[in-house]
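Structure record follows, encoded as structure tokens.
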Amino acid sequence: LIIARDSQRQLLEDAVAIGEAIRGALNQYLNINICITVGVTVHTPTQWKTSYENARYTEEFRYLFESGGILFGKDFINGQSADIQTDGWSERLVSQIKTGQTEAICQTVTQLFAMLHHARCEKKELQLHIQNCVLSIQITLNKWKTVTAIDLEQATAFIKDLDHYRHLSEIEAEFTTFCLTAADMIARQRDSSNHSIAIQAEAYLNEHYMDPDLSLNMLCDYLNLSVSYFCMVFKNNTGETFVEALTRIR
Numbered sequence: 509l510i511i512a513r514d515s516q517r518q519l520l521e522d523a524v525a526i527g528e529a530i531r532g533a534l535n536q537y538l539n540i541n542i543c544i545t546v547g548v549t550v551h552t553p554t555q556w557k558t559s560y561e562n563a564r565y566t567e568e569f570r571y572l573f574e575s576g577g578i579l580f581g582k583d584f585i586n587g588q589s590a591d592i593q594t595d596g597w598s599e600r601l602v603s604q605i606k607t608g609q610t611e612a613i614c615q616t617v618t619q620l621f622a623m624l625h626h627a628r629c630e631k632k633e634l635q636l637h638i639q640n641c642v643l644s645i646q647i648t649l650n651k652w653k654t655v656t657a658i659d660l661e662q663a664t665a666f667i668k669d670l671d672h673y674r675h676l677s678e679i680e681a682e683f684t685t686f687c688l689t690a691a692d693m694i695a696r697q698r699d700s701s702n703h704s705i706a707i708q709a710e711a712y713l714n715e716h717y718m719d720p721d722l723s724l725n726m727l728c729d730y731l732n733l734s735v736s737y738f739c740m741v742f743k744n745n746t747g748e749t750f751v752e753a754l755t756r757i758r
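Numbering (the numbering used here), first residue to last: 509 to 758.
Encoded structure:
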């Protein structure tokens with residue numbers, strides 16, 4: 509649709525009015541929400557191609573607007589997206605995933621995607637940023653020897669599916685699920701590991717309870733754990749302290 513007016517202000521006002529009328533009709537009769545793109549203003553017919561190409565380029569950003577709207581090409585000039593750094597976000601998420609901070613994970617993901625929305629990068633560029641976050645989380649968790657990190661296949665499947673999501677909100681929802689799943693798997697692995705520690709400790713006490721030199725430090729040396737960590741794990745899993753368990757067994 510080509511619109512010509514005497515002033516740019518009138519041109520943009522009419523473009524908005526026409527665009528909203530089209531969107532309203534489609535929503536009313538077909539129950540669909542669409543984005544309408546408006547190319548940059550030009551002054552001669554020979555520049556129409558420039559405006560058209562700008563409008564087509566602006567279509568790349570429809571994924572940012574789930575409820576539709578009117579997008580102006582002047583706001584999406586090619587090559588003017590903000591410089592995005594996701595390393596810090598990945599590090600924060602890894603820390604929260606390791607410690608099982610589910611509420612903090614959701615808040616961080618929300619903030620991350622708000623930043624990505626504000627940056628207004630092309631969808632393919634956004635996908636690369638999300639891929640980098642996913643892989644950074646995967647690599648870091650795989651290096652954490654005390655737990656089994658999330659399955660690499662799960663990360664690969666999520667990355668492959670990125671291109672199928674139509675809106676940024678859908679990607680955000682799946683990424684949130686990905687991070688929460690990782691936190692849940694680590695928590696369950698940690699619980700299993702801690703339960704195993706308690707069982708080993710009980711077995712050691714049953715075998716050595718007659719030893720008059722048996723001490724908390726001796727048991728922790730055997731398990732290769734710090735005293736503070738062992739006491740927390742043992743108490744959480746058995747409901748007893750070291751002294752209480754030893755006294756009961758003796």
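All residues carry an ideal CB built from backbone N, CA and C; glycine is no exception.
I'd like to check one pair, valine 741 with isoleucine 702: are the Cβ atoms closer than 7 Å?
Per the sequence presented here, residue 702 reads as asparagine, with isoleucine not at that position. In this structure, valine 741 lies closer than 7 Å to asparagine 702 by Cβ.
Straight-line gap, serine 762 to aspartate 692 (C-alpha atoms, nearest Å)
The question about residue 762 has no answer here: the residues shown for the chain are numbered 509 through 758.
Between the Cα of alanine 512 and the Cα atoms of Val546, Thr566 and Gly532, which residue gives the shortest distance?
Val546
Let me know if glycine 527 comes out buried or exposed under the rule of 16 or more other beta-carbons within 10 Å of its beta-carbon.
buried
Are the CB atoms of isoleucine 638 and alanine 690 nearer to each other than 7 Å?
no
Limits of the unbroken beta strand (DSSP E) element including glycine 577
577-580
Is the number of C-beta pairs between the stretch 669-679 and the stretch 619-634 that are closer than 8 Å three or more?
yes
Below 8 Å CB to CB, which residues in the same chain sit around threonine 749 once its five sequence neighbours on both sides are set aside?
Cys739, Phe742 and Lys743
Start and end of the alpha helix (DSSP H) containing cysteine 739?
735-746
C-beta atoms of serine 515 and asparagine 541 nearer than 7 Å
no
Exposed unless 16 or more other CB atoms sit within 10 angstroms - verdict on tryptophan 597:
buried
Between which two residues does the beta strand (DSSP E) carrying valine 546 extend?
543-546
Check the C-beta distance from alanine 695 over to glycine 608 and give it rounded, since I have them as a contact under 8 Å.
5 Å
Element boundaries [alpha helix (DSSP H), containing aspartate 692]:
676-716
With distances taken between CB atoms, is the gap from leucine 579 to threonine 566 smaller than 7 Å?
yes
Measure from the alpha carbon of glutamate 633 to the alpha carbon of each residue in Thr684, Ser734, Asp595 and Glu568, then state which is nearest.
Glu568
Quick one: what's got a C-beta closer than 6 Å to methionine 718's C-beta in the same chain, skipping five residues either side?
none
So the alpha helix (DSSP H) cysteine 641 belongs to, where does it begin and stop?
631-650
Out of Ala533, Ser723, Leu601 and Ile530, which one is the CA nearest neighbour of threonine 685?
Leu601
So, under 8 Å CB-CB, cysteine 629 and isoleucine 585 are touching, yes? Tell me the CB distance rounded to an integer number of Å.
Not really, about 13 Å apart at Cβ, beyond 8 Å.
Nearest-angstrom beta carbon gap, glutamine 697 and leucine 731 [assumed within contact, 8 Å]
Incorrect: roughly 18 Å between the Cβ atoms, too far for contact.
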